[in-house]
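This report refers to the structure that appears directly beneath it.
Protein chains: 2
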Amino acid sequence: MAPLIEPRVLKGFRDFLPAAEIERRQLTEIIEASFRSFGFVPIDTPALEYAEILLGKGGGETEKQVYRFRDHGDRDVALRFDLTVPFARFMAEHRSELPLPFKRYHIAKVWRGENTQRGRYREFTQCDFDIVGSESAGSDFEILLMMRETLRAIGVGDVTIRLNHRSVFNRFLRRLGIEDKSVEILRTVDKLAKIGKESTLSQLSELISSENANDVLNYIQPKTNYKETLAAITEAAGGPGPDTERLEALYQFMEDAGIADVFVLDPSITRGLDYYTGVVYETFLNDLPDIGSVCSGGRYDNLAALYSKEQLPGVGASIGLDRLIAALEALDRREKRFSFAEIAIACTDENLAGKYQALAGQFRRAGVPCEVFTEAKKLVQQYALAEKKGARWVIVCPADACTKEPLRFTLRELATRQDTEGLCVEDVIRIVKG
Amino acid sequence: MAPLIEPRVLKGFRDFLPAAEIERRQLTEIIEASFRSFGFVPIDTPALEYAEILLGKGGGETEKQVYRFRDHGDRDVALRFDLTVPFARFMAEHRSELPLPFKRYHIAKVWRGENTQRGRYREFTQCDFDIVGSESAGSDFEILLMMRETLRAIGVGDVTIRLNHRSVFNRFLRRLGIEDKSVEILRTVDKLAKIGKESTLSQLSELISSENANDVLNYIQPKTNYKETLAAITEAAGGPGPDTERLEALYQFMEDAGIADVFVLDPSITRGLDYYTGVVYETFLNDLPDIGSVCSGGRYDNLAALYSKEQLPGVGASIGLDRLIAALEALDRREKRFSFAEIAIACTDENLAGKYQALAGQFRRAGVPCEVFTEAKKLVQQYALAEKKGARWVIVCPADACTKEPLRFTLRELATRQDTEGLCVEDVIRIVKG
Numbered sequence: 004m005a006p007l008i009e010p011r012v013l014k015g016f017r018d019f020l021p022a023a024e025i026e027r028r029q030l031t032e033i034i035e036a037s038f039r040s041f042g043f044v045p046i047d048t049p050a051l052e053y054a055e056i057l058l059g060k061g062g063g064e065t066e067k068q069v070y071r072f073r074d075h076g077d078r079d080v081a082l083r084f085d086l087t088v089p090f091a092r093f094m095a096e097h098r099s100e101l102p103l104p105f106k107r108y109h110i111a112k113v114w115r116g117e118n119t120q121r122g123r124y125r126e127f128t129q130c131d132f133d134i135v136g137s138e139s140a141g142s143d144f145e146i147l148l149m150m151r152e153t154l155r156a157i158g159v160g161d162v163t164i165r166l167n168h169r170s171v172f173n174r175f176l177r178r179l180g181i182e183d184k185s186v187e188i189l190r191t192v193d194k195l196a197k198i199g200k201e202s203t204l205s206q207l208s209e210l211i212s213s214e215n216a217n218d219v220l221n222y223i224q225p226k227t228n229y230k231e232t233l234a235a236i237t238e239a240a241g242g243p244g245p246d247t248e249r250l251e252a253l254y255q256f257m258e259d260a261g262i263a264d265v266f267v268l269d270p271s272i273t274r275g276l277d278y279y280t281g282v283v284y285e286t287f288l289n290d291l292p293d294i295g296s297v298c299s300g301g302r303y304d305n306l307a308a309l310y311s312k313e314q315l316p317g318v319g320a321s322i323g324l325d326r327l328i329a330a331l332e333a334l335d336r337r338e339k340r341f342s343f344a345e346i347a348i349a350c351t352d353e354n355l356a357g358k359y360q361a362l363a364g365q366f367r368r369a370g371v372p373c374e375v376f377t378e379a380k381k382l383v384q385q386y387a388l389a390e391k392k393g394a395r396w397v398i399v400c401p402a403d404a405c406t407k408e409p410l411r412f413t414l415r416e417l418a419t420r421q422d423t424e425g426l427c428v429e430d431v432i433r434i435v436k437g
Numbered sequence: 004m005a006p007l008i009e010p011r012v013l014k015g016f017r018d019f020l021p022a023a024e025i026e027r028r029q030l031t032e033i034i035e036a037s038f039r040s041f042g043f044v045p046i047d048t049p050a051l052e053y054a055e056i057l058l059g060k061g062g063g064e065t066e067k068q069v070y071r072f073r074d075h076g077d078r079d080v081a082l083r084f085d086l087t088v089p090f091a092r093f094m095a096e097h098r099s100e101l102p103l104p105f106k107r108y109h110i111a112k113v114w115r116g117e118n119t120q121r122g123r124y125r126e127f128t129q130c131d132f133d134i135v136g137s138e139s140a141g142s143d144f145e146i147l148l149m150m151r152e153t154l155r156a157i158g159v160g161d162v163t164i165r166l167n168h169r170s171v172f173n174r175f176l177r178r179l180g181i182e183d184k185s186v187e188i189l190r191t192v193d194k195l196a197k198i199g200k201e202s203t204l205s206q207l208s209e210l211i212s213s214e215n216a217n218d219v220l221n222y223i224q225p226k227t228n229y230k231e232t233l234a235a236i237t238e239a240a241g242g243p244g245p246d247t248e249r250l251e252a253l254y255q256f257m258e259d260a261g262i263a264d265v266f267v268l269d270p271s272i273t274r275g276l277d278y279y280t281g282v283v284y285e286t287f288l289n290d291l292p293d294i295g296s297v298c299s300g301g302r303y304d305n306l307a308a309l310y311s312k313e314q315l316p317g318v319g320a321s322i323g324l325d326r327l328i329a330a331l332e333a334l335d336r337r338e339k340r341f342s343f344a345e346i347a348i349a350c351t352d353e354n355l356a357g358k359y360q361a362l363a364g365q366f367r368r369a370g371v372p373c374e375v376f377t378e379a380k381k382l383v384q385q386y387a388l389a390e391k392k393g394a395r396w397v398i399v400c401p402a403d404a405c406t407k408e409p410l411r412f413t414l415r416e417l418a419t420r421q422d423t424e425g426l427c428v429e430d431v432i433r434i435v436k437g
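Okay, structure coming up:
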């Protein structure tokens, strides 16, 4: 006999056992229901694509992390590392088949051969949603509203969504005459929450005059409320423009929809460097701000520039499912469920499997999941198994009762160890649904 | 500017546009609900595993098809090509954490670099369900019942499930003294449906005497009903045994559950060669038998033999989602849906986006998905867009009406082009839900 192969998964990869997988599926079902309620539709794209498509812009950290290889036909291929690049390719390829504005969501796994030391995974799930083909402030607002409503549906509704507009900041830098350093300044400012005010100031002073560094630091501090912050950055940027008007329109929409209290205009939010061109935002849990943003996004000018000449402006956001689950865990708000079936039918005679299933069918058709045990072990063992599996009740149906109509049986409540005799199907449905 | 990259997917891979993806998701949701109603729980495993784990048995067609490469850490890795091998590894690794019998389902993508000429895909979805840690006939029956109930839930309930028992056939061959040729005979017999009786007979005659070939061919023909076939193969195998008793018990269960008419005992069903050791089965659509089996499976002695010394008997089946969708297409039973939102709110003033969303929120909270348009185009254009997106109604809410309570607005039915004025939220919910 050949020696055994050690059963193990690759570093950074995970098995999901039933309780964890049930949780993940229930979360994605809630997220998906929220997306659908806004009229967003799902798409899917291949896990594997031409490396040229995925790495078009090439270089940098991404390229080092991507799983890339030659397939059977010697094609240079790679596993997707996010859902944005495949979506850009998708839009360029199928533009003529899709009515604009196109509102889509995509919930799927992505792969990155990252350093796993910081609790990062190499396989993880992203939940992206975007509106493409619209420049309206209403689209920006819809994404913001969806972020809020979706997190609320999940049960983490106590959030602060911090937003900003990239171009106001750029105008401000231009006014100070330091726009040539904007990339470095943005990169430094982006670390403010992590490294603190002092370090940010000292890093900025290496790039620009200390007077300018002070101006920048002052610029990125939110004032007492949205309106005041907006007034301050408008002034700093040299007066109103389409960018500040957009931020003003968004505030009006928030007020009209009665959700303004959730939003903070935060000039320090920048969201990376290349991709976003308009409004950007991050979402923090008020009970757990240190875990970082659980849902981020922004507006971009041109989604599919690498693959198409057609300009495709859009706005979108992404929920990181793993960070969200880590947050729920830290907040002790995880609902552990080991099964969907709350009732099990005990097996007292293995020859009655057909009868048990016929009985179970009556529950299932009434929308009550029901497990059937198929081994005639001692009842105490079956109760113990049912409990381990997450059931709440066990039906015990003696052989003679199982063949008579109407069926009468005993229901054991596992938590209390109480038996109720002489029940019929309808009784049990009432108890389980009640 | 860099030249454009041609947007395209790899051969054998597919994008799913909204209508196709909505269909796939709705099907898997029905399948999943059916699995859950039987108390089965979901698991998930990594897409990427050690090649050694996935290819343990090595060799053959599989190895040529698998996507295999070296990762950043120079590990020999591969994309999973089915859900059975990862499940075997999973059971060996997590056995102690799982109460037996363990009933799991797994719906996920798998990858095979197959020849795509026969309409096969290199990325496709499998829906597997298994009971591990049970040798009972009741478990065999539960899987058979789930196949039938799940296909019925999908709307292809008019099926014939053909089953057989591997060991009865082996006993029969032993009795003829040709058990040393069993692998070749099984392989030939497996092709009966494809190549016909004549060719099967002539191929068998190359392996065994023509008298034996005739006996084999006679053996594999079903008789007029389950009982008669069972009697014939029992006799041919030299009398009753645990295998024929199992087939008899299954028939009893089918009768007790009132579904015996769906099943045919078909001694020609063999399902490959190595893996299955007990009952095996295939499912055919009565309206479309030529498409082949849409759901197949069987009983195995030892799931995780490669990775663990512990014997893990089980029984399971797999639904091929792509073949099922092809079948629904051929039967003209596909439900084309382009959206989940049946109502859209027209945009007559872009400054009212907040109000529109507040109105939409009332529908969404009532369980009525609702899309909000954010561009103030002409109403006819908005009607056309709504229609393309699959909506049935459009709400038109003039600016002054949008700020008064209670809200009153006009509902356009797109199919009839009829407008109804002066409706409130409750009216529309009634119409849409009705």
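Protein chains in written order, with the numbering used here: chain A, 4 to 437; chain B, 4 to 437. All C-beta atoms, glycine included, are put in the ideal place defined by N, C-alpha and C.
Put simply, of A:324, A:371, A:356 the residue whose alpha carbon is nearest the alpha carbon of residue 343 (chain A) is A:371.
Between residue 318 (chain B) and residue 166 (chain B), the C-beta gap is not smaller than 8 angstroms, which leaves the two residues out of contact. For residue 77 (chain A), no Cβ of chain B is located within less than 8 angstroms of the residue's own Cβ. Unbroken alpha helix (DSSP H) runs of no fewer than 4 residues, entirely contained in the stretch 303-355 of chain A, are found at 324-333, following chain order. By the neighbour-count criterion, in which 16 or more other beta carbons inside 10 Å mark a residue as buried, residue 392 (chain A) falls on the buried side.
In this structure, the beta-carbon distance from residue 92 (chain B) to residue 10 (chain A) falls below 8 angstroms. Chain-order list of chain A residues neighbouring residue 49 (chain B): 12, 13, 16, 17, 18, 126, by C-beta distance under 8 angstroms. Cα atoms of residue 26 (chain B) and residue 21 (chain A): separation of roughly 26 angstroms, rounded to the nearest angstrom. Nearest CB-CB separation between residue 137 (chain B) and chain A: below the 8 angstroms threshold. Annotation for residue 110 (chain B): the continuous beta strand (DSSP E) segment containing it runs 105-114. Relative to residue 309 (chain B), the option among B:68, B:262, B:77, B:89 whose CA is nearest is B:89. Sequence-distant partners of residue 402 (chain A) (beyond 5 residues in either direction) whose C-beta falls short of 6 angstroms from its own C-beta, in its chain, are 352. 8 angstroms or more divides the Cβ of residue 46 (chain A) from the Cβ of residue 110 (chain A).
In this structure, residue 286 (chain B) lies near residue 150 (chain B), with their beta-carbon atoms less than 8 angstroms apart. Residues 113 of the same chain have their beta carbon placed closer than 6 angstroms to that of residue 85 (chain B), with the five preceding and five following residues left out of the count. When A:18, A:368, A:53 are compared, the shortest CA-CA separation from residue 15 (chain B) is found for A:53.
Residue 273 (chain A) places its beta carbon less than 8 angstroms from that of residue 192 (chain A). Taking CB atoms only, residue 322 (chain A) has no neighbour in chain B less than 8 angstroms away. Shown here, residue 390 (chain B) sits in a helix according to DSSP, grouped into three states.
Within the stretch 256-268 of chain B, 256, 257, 258, 259, 260, 261 place their CB atoms closer than 8 angstroms to a CB of chain A, listed in sequence order. When the alpha-carbon of residue 217 (chain B) is set against those of B:346, B:203, B:229, the nearest one is in B:203. Using a CB distance cut-off of 8 angstroms, residue 349 (chain A) does not count as an interface residue toward chain B. Contact note: residue 84 (chain B) does not reach chain A at a C-beta cutoff of 8 angstroms; the least C-beta distance is about 13 angstroms. Here the alpha carbon of residue 417 (chain B) sits roughly 22 angstroms from the alpha carbon of residue 364 (chain B).
Per DSSP, reduced to three states, the secondary structure at residue 201 (chain A) is helical. The C-beta of residue 153 (chain A) comes no closer than 8 angstroms to any C-beta of chain B.
Within the stretch 230-311 of chain A, complete alpha helix (DSSP H) segments of at least 4 residues are found at 245-259, given in chain order.
Between residue 265 (chain B) and residue 162 (chain B), the gap from beta carbon to beta carbon is short of 8 angstroms.
Between the alpha carbons of residue 126 (chain B) and residue 386 (chain A) lies a gap of roughly 42 angstroms. Any Cβ of chain A closer than 8 angstroms to the Cβ of residue 298 (chain B) would place that residue at the interface, and such an atom is absent. Boundaries of the beta strand (DSSP E) harbouring residue 53 (chain B): 51-53, taken from the DSSP string.
Contacts with chain A (Cβ-Cβ distance below 8 angstroms) from the stretch 332-356 of chain B involve 341, 342, 343, 344, 347, 350, 353, 354, 355, 356, listed in chain order. Residue 356 (chain A) sits close to residue 144 (chain B), with the two beta carbons spaced by under 8 angstroms.
Close CB contacts of residue 179 (chain A) within its chain, under the 7 angstroms cut and outside five residues either way in sequence, are with 215, 218 (chain order). In terms of Cβ geometry, residue 269 (chain A) and residue 316 (chain A) do not form a close pair [threshold 8 angstroms].
Between the C-alpha atoms of residue 152 (chain A) and residue 334 (chain B) there is a straight-line separation of about 40 angstroms.
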